[in-house]
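Before any comments, here is the structure.
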Amino acid sequence: IEYMEKAVAVDPEFASAYHAMSWAYGNQGYRSEEKKFLKKAMDLSDRLSDREKYNIQGAYYFNLSEKTYDKAIEAYEKLLALYPDDLGGNNHLGILYSRINEWDKAIESYENCIKYGGKDIVFYINLAGQYRIKVLFDKARQVLEEYLNNVSDNALKHLSAMKKLE
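As structure tokens, this is what we get:
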């Protein structure tokens, strides 16, 4: 946050810095600050590359309200039409599809995260969760075992994946 504050002090129209601040505040549980800086990023997003603009628009509509999920999905789909390997876009689209009970579309999004090289345990846990919802327990186990066997060398991440296998 401190570095992003310095960045916007130099360039008050630095939309991506406001977006980064929004994430940082959101990750710390400060929802009002998250929304404030996401709104600022959104207001400035027209001057950005398509990739940055669609990421910000997707995040803005995702966090605004369930009523604007359709606009968030539209923004992330535009992003992925241009950049199918965008891990954040695929992950957020998976979350959105999951929230509106579009399990197969969520699965496709999370599979894309992994297909395009995503190594974060969240992608694997989210994908396994979708398979569990669809009562495909063997597929869920397979996804988590793939992570354990081929991706993680971190003991805490191993523990997290093992708990999901139980």
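Position in the sequence shown (first residue = 1) + 2 = this note's numbering.
Just so you know, even glycine gets a beta-carbon here, dropped at the ideal spot from N, CA and C.
Supposed contact pair residue j and residue i - C-beta distance, whole angstroms, cut 8 Å
i: V12; j: Y20; result: Actually they do not touch by this definition, with Cβ atoms about 13 Å apart.
i: A43; j: S67; result: Actually they do not touch by this definition, with Cβ atoms about 17 Å apart.
i: D48; j: K55; result: 7 Å
Distance between residue j and residue i (C-alpha atoms, nearest Å)
i: K80; j: R53; result: 9 Å
i: S100; j: E4; result: 34 Å
i: Y71; j: K8; result: 32 Å
i: D140; j: G96; result: 20 Å
Residue span of the alpha helix (DSSP H) that contains residue i, given as start and end
i: K136; result: Counting along the chain, K136 falls outside any alpha helix (DSSP H), and DSSP gives it neither H nor E.
i: S111; result: 105-117
i: L82; result: 71-84
i: E4; result: 4-12
i: F64; result: 52-66
Selection from the options that minimises the alpha carbon distance to residue i
i: A130; options: K69, Q59, E113, Y118; result: E113
i: I135; options: E104, E148, G31, I75; result: E104
i: D122; options: V153, P14, F139, L84; result: V153
i: K107; options: Q132, A61, K73, I116; result: Q132
i: A61; options: E147, E36, L50; result: E36
i: A74; options: S51, I102, A22; result: I102
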